[in-house]
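These protein sequence lines map, in sequence, to chains A and B.
Residues in the first sequence are numbered from 1 upward in steps of one, following our numbering.
Residues in the second sequence are numbered from 334 upward in steps of one, following our numbering.
Backbone N, C-alpha and C fix where the C-beta goes; we use that ideal spot for every residue, glycine too.
Below is one structure, written out as structure tokens; comments come after it.
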Amino acid sequence: MAENKGILVYGELAGGKLASITTELLGCGRKLADDLKEDLSCLLVSDTVGEASKEAIAFGADRVYTVEDASLKQYQADSYMQVAEKLAKELSPRAILMGQTSIGRDLAPRLAFRLGVDLATDCLELSIDPEAKLLMRTRPVYGGNAQATFSSELMPQITTVRTKAMSPMERDDSRKGEVIPTKVEIDASKIRTKIVETIKEEVAGIKLEDAPVIVTGGRGVGGPEPFKTTLKELADILHGAVGATRPPADNGWVPSAMHIGLTGKIVAPDIYIAVAVSGASQHVAGCSGSKNIIAINKDPEANIFKEAKFGVVGKYEEVVPAFTNKLKEILAG
Amino acid sequence: MPINMIVCCKQVPDPEAPPAVFKVAGNKMTLPADVKPVISPYDENALEAALRIKEKTGGKITALSLGNKLVRDVIKKSLAVGADELILLEDEAFEESDSWSTAYALATAIKKIGQYDLIFCGRQAADWDAGQTGLGIAEILGIPAVSVARKVEVTDGKVRIEQVIPDGYEIVEVALPTLITVTSELGDLRYAALKGIMAAAKKQPTVWKPADIGLEPSQVGAAGRHSKLNKLFQPVKEAKCEIIEGDSPEEAGANLAVKLREAKLL
Ligand SMILES: Cc1cc2nc3c(=O)[nH]c(=O)nc-3n(C[C@H](O)[C@H](O)[C@H](O)COP(=O)(O)OP(=O)(O)OC[C@H]3O[C@@H](n4cnc5c(N)ncnc54)[C@H](O)[C@@H]3O)c2cc1C
Chain A
1 MAENKGILVY GELAGGKLAS ITTELLGCGR KLADDLKEDL SCLLVSDTVG EASKEAIAFG
61 ADRVYTVEDA SLKQYQADSY MQVAEKLAKE LSPRAILMGQ TSIGRDLAPR LAFRLGVDLA
121 TDCLELSIDP EAKLLMRTRP VYGGNAQATF SSELMPQITT VRTKAMSPME RDDSRKGEVI
181 PTKVEIDASK IRTKIVETIK EEVAGIKLED APVIVTGGRG VGGPEPFKTT LKELADILHG
241 AVGATRPPAD NGWVPSAMHI GLTGKIVAPD IYIAVAVSGA SQHVAGCSGS KNIIAINKDP
301 EANIFKEAKF GVVGKYEEVV PAFTNKLKEI LAG
Chain B
334 MPINMIVCCK QVPDPEAPPA VFKVAGNKMT LPADVKPVIS PYDENALEAA LRIKEKTGGK
394 ITALSLGNKL VRDVIKKSLA VGADELILLE DEAFEESDSW STAYALATAI KKIGQYDLIF
454 CGRQAADWDA GQTGLGIAEI LGIPAVSVAR KVEVTDGKVR IEQVIPDGYE IVEVALPTLI
514 TVTSELGDLR YAALKGIMAA AKKQPTVWKP ADIGLEPSQV GAAGRHSKLN KLFQPVKEAK
574 CEIIEGDSPE EAGANLAVKL REAKLL
């Protein structure tokens, strides 16, 4: 068998452009490839890849493999797996990096088991062990109550990386690289699932992942109403977005798309205001990258105060409206 | 058509125990003895998905768990809520499994069970949070799989699944047999009725050792791993929270706004 060499980033597109997770993967993949003195490749799969392949080069890739097929417009495990398996075998990289996104979470385990190798999911840190040349992959475990570093001698070493954990390189459109259009015959008879309908639960306003300020409500807010009133008013004056812990999403108070944490969205705003949130490690996993966490909770012992920079102990019904009013006053100058 | 269902349930330390009780010692996670283990919460959601199908369509539910020294009161909850049978892959040799050796042993046991239409797993286990075992089992068995389901229904030999995607959900159809990983939006596991608890008390789980499913000890647990755990650790946090006071909660709220301005956060 050919020797495994190089790093392959499994890229994703968002609205025809390179997804931000892919620029992050290329940033960290570039460093790993340089440490190994090997190449960094990027695989892009869609119905049409377009300009995103040039973007991948500008963000660090030496080679971009583009696989285009009408049947690849929407992610489906059984079609995407055909591409991933074929390219993994043909390119025999040392490591494959994917995002810990809805696609990465679904595709990476299938690929690892199909190839009979190892996978480390949701990694926060990657480095090369200089002697063994193996990837040391650090990820949170026990809901974020600990971290573990894993390695494997099986190639390729498949890894998914948490969004916002890595920094992209500065975009440099003068970087040189090669785009390699690659044909993969998709065998439609192997696609066993059928997507009957896609339902978007659009959340109005600024996207959580991009918001500079997030006001998150926990189970302690008591129901769906405060998300539309108390919390929204606070978020609005700070030009922020409203988020939630998992219980409000599970209870149907808010759409699941608003749920932040280990199994929800990962956010890293400048200001994260946690209202009636206990600060369970699985929730903190999704917001610990925030620059400033502010907690409002009636329980002085709540774990969220261990994560926060500033806190107020009190019932949110009393604290938040006064906070909002004072902010209005201050911001009005 | 009665449906044969298998639900994989893992026993884990209570993931919602206060963060302070989680302590790493000698590359292992230790918790105080008074923190009781539980069935991993997403596996409970998976069990609930199976119970709803059993109610509506009829069928048989086999709960399957892998580990060592599994606490009977914990794992028999599956029987108490309505599973028909409980099979434990229980042996010292199964200790320290990773995603690979877990999925391999579970898939081998499922082949031995033989009859299955639907296999349910939680989307990830609450100890290692890897999220691989379910999809891995499907790969090994060569059956389709749909992940992060929030609703599952069976009609005319077909499964209809609501799969959570980043900004909404997809309705996916797939034929039997299939494997489904379940997420919390599906709903909490029901409480066991007294009758169920009493019936469960009388039932004994079937226990299989590696040899019972045709595996060598070298193929399971720590020996069968694909990954090496180099280090388990707890990063130190130095964050310190400044509590903003006031004569009333309202005043504290207003003082918080002033503080944010002073700290130049606004
Ligand atoms: C494998 C796994 C994955 C998970 N993934 C996630 C995830 O991605 N995201 C997530 O959020 N959770 C996740 N969880 C769940 C997590 O463990 C917690 O159960 C959850 O985060 C708790 O949400 P909460 O803080 O809103 O609720 P609670 O823990 O119930 O806390 C409510 C808080 O509100 C306070 N409160 C109540 N009333 C008031 C009031 N009037 N004024 C002020 N304060 C008040 C209380 O003091 C309390 O601290 C996961 C769990 C597991 C096992």
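Element boundaries [alpha helix (DSSP H), containing residue 433(B)]: Segment 432 to 446, the alpha helix (DSSP H) holding residue 433(B).
Integer-rounded CB distance, given that residue 377(B) should sit under 8 angstroms from residue 280(A): Between the beta-carbon of residue 280(A) and that of residue 377(B) there is about 17 angstroms, and that puts the pair past the 8 angstroms contact cut.
Contact between the region 36 to 46 of chain A and the region 54 to 61 of chain A (3+ Cβ pairs under 8 angstroms): Between the region 36 to 46 of chain A and the region 54 to 61 of chain A there are three or more C-beta pairs closer than 8 angstroms, enough to call the two in contact.
Near ligand 1: residue 278(A) beta-carbon under 6 angstroms from a heavy atom: Residue 278(A): yes, Cβ under 6 angstroms from ligand 1.
Integer Cβ distance of residue 335(A) from residue 248(A), believed to fall under 8 angstroms: No statement about residue 335(A) is possible, as the shown extent of chain A runs from 1 to 333 and does not include it.
Contact set for residue 209(A): own chain, Cβ-Cβ below 7 angstroms, skip 5 residues either direction: Excluding sequence neighbours, residue 209(A) sits near 265, 267.
beta-carbon residue 316(A) near ligand 1 non-hydrogen atom, thresh 6 angstroms: Taking 6 angstroms as the cut-off, one finds at least one heavy atom of ligand 1 near enough to the beta carbon of residue 316(A).
Residue-chain proximity (residue 176(A), chain B), Cβ-Cβ < 7 angstroms: Not one chain B Cβ lies under 7 angstroms of residue 176(A).
Positions along the region 443 to 463 of chain B whose CB lies within less than 9 angstroms of some CB in chain A: The residues in question are 456, 457, 459, 460, 461, 462, 463.
7 angstroms Cβ cutoff, residue 574(B) in contact with chain A: Taking a beta-carbon distance threshold of 7 angstroms, residue 574(B) counts as an interface residue toward chain A.
Nearest-angstrom Cα separation, counted from residue 87(A) out to residue 366(B): The straight-line gap from Cα to Cα measures roughly 49 angstroms.
CB contact below 7 angstroms: residue 271(A) versus chain B: Residue 271(A) counts as touching chain B.
Collapsed DSSP secondary structure at residue 348(B) in the structure displayed: Correct three-state label for residue 348(B): coil.
Nearest-angstrom Cβ-Cβ length linking residue 157(A) and residue 135(A), presumed shorter than 8 angstroms: Sure, about 5 angstroms apart at Cβ, within 8 angstroms.
Residue 594(B) to residue 99(A) span [Cα, whole Å]: In this structure, the straight-line span from the alpha carbon of residue 594(B) to that of residue 99(A) is close to 37 angstroms.
For residue 426(B) and residue 406(B), the rounded distance between their alpha carbons: Whole-angstrom Cα-Cα distance: 22 angstroms.
Candidates 129(A), 7(A), 74(A), 322(A), of which the one nearest residue 579(B) by Cα: Of the listed residues, the one whose Cα sits closest to residue 579(B) is 322(A).
Residue 434(B) and residue 558(B) closer than 7 angstroms at C-beta: The answer is yes: Cβ separation under 7 angstroms.
Every unbroken beta strand (DSSP E) within the region 3 to 78 of chain A, with a cutoff of 3 residues, ordered by chain: Within the region 3 to 78 of chain A, the complete beta strand (DSSP E) runs of at least 3 residues fall at 7 to 10, 40 to 46, 63 to 68.
Closer than 7 angstroms at the beta carbon, the chain A residues around residue 563(B): Ordered by position in chain A, the residues that pass the 7 angstroms Cβ test against residue 563(B) are 136, 149, 150, 151.
Which of helix, strand or coil DSSP assigns to residue 1(A): Residue placement at residue 1(A) is flagged as unreliable, the pLDDT there being 49, under the threshold of 50; the coordinate-derived value follows with that caveat. The answer is coil: DSSP assigns residue 1(A) none of H, G, I, E or B.
Endpoints, the alpha helix (DSSP H) within which residue 237(A) is located: First-last of the alpha helix (DSSP H) with residue 237(A): 230 to 237.
Closer than 6 angstroms: residue 302(A) CB and nearest ligand 1 heavy atom: At least one heavy atom of ligand 1 sits closer than 6 angstroms to the Cβ of residue 302(A).
Beta-carbon gap between residue 180(A) and residue 501(B) smaller than 7 angstroms: No, they are not a contact pair.
Validate contact between the region 521 to 528 of chain B and the region 211 to 218 of chain A using beta carbons, cut 8 angstroms, 3 pairs: Under the Cβ criterion (8 angstroms, minimum of three pairs), the region 521 to 528 of chain B does not count as touching the region 211 to 218 of chain A.
Contact list for residue 594(B) against chain A, beta-carbon separation under 8 angstroms: Ordered by position in chain A, the residues that pass the 8 angstroms Cβ test against residue 594(B) are 330.
Contact list for residue 194(A) against chain B, beta-carbon separation under 8 angstroms: Within 8 angstroms Cβ-Cβ: 505, 506, 507.
Buried or exposed (CB count within 10 angstroms, at least 16 for buried), residue 561(B): Of the residues assessed, residue 561(B) falls on the exposed side of the cut-off, its CB having fewer than 16 other CB atoms within 10 angstroms.
Classification of residue 389(B) by the beta-carbon crowding that lies within 10 angstroms, buried from 16 upward: The Cβ neighbour count for residue 389(B), taken over all protein chains shown within 10 Å, is under 16; the residue is labelled exposed.
Residue closest to residue 212(A), alpha-carbon to alpha-carbon, out of 174(A), 238(A), 221(A), 53(A): Of the listed residues, the one whose Cα sits closest to residue 212(A) is 238(A).
Three-way DSSP call (helix, strand, coil) for residue 291(A) in this model: In the displayed model, residue 291(A) falls within coil according to three-state DSSP, outside both helix and strand.
Reduced DSSP secondary structure (H/G/I, E/B, other) of residue 688(B): In the structure as shown, chain B starts at 334 and stops at 599, and residue 688(B) therefore has no counterpart that could be examined.
Where the beta strand (DSSP E) through residue 408(B) begins and ends: No beta strand (DSSP E) contains residue 408(B), which is instead part of the alpha helix (DSSP H) from 405 to 408.
Per-residue contacts from residue 199(A) into chain B (C-beta, under 8 angstroms): Simply 501, 502, 503, 504.
Best match in 498(B), 494(B), 521(B), 518(B) for proximity to residue 508(B) [C-alpha to C-alpha]: Of the listed residues, the one whose Cα sits closest to residue 508(B) is 494(B).
Supposed close pair residue 370(B), residue 404(B) - CB separation, criterion 8 angstroms: Rounded, the Cβ-Cβ distance is 6 angstroms, consistent with contact.
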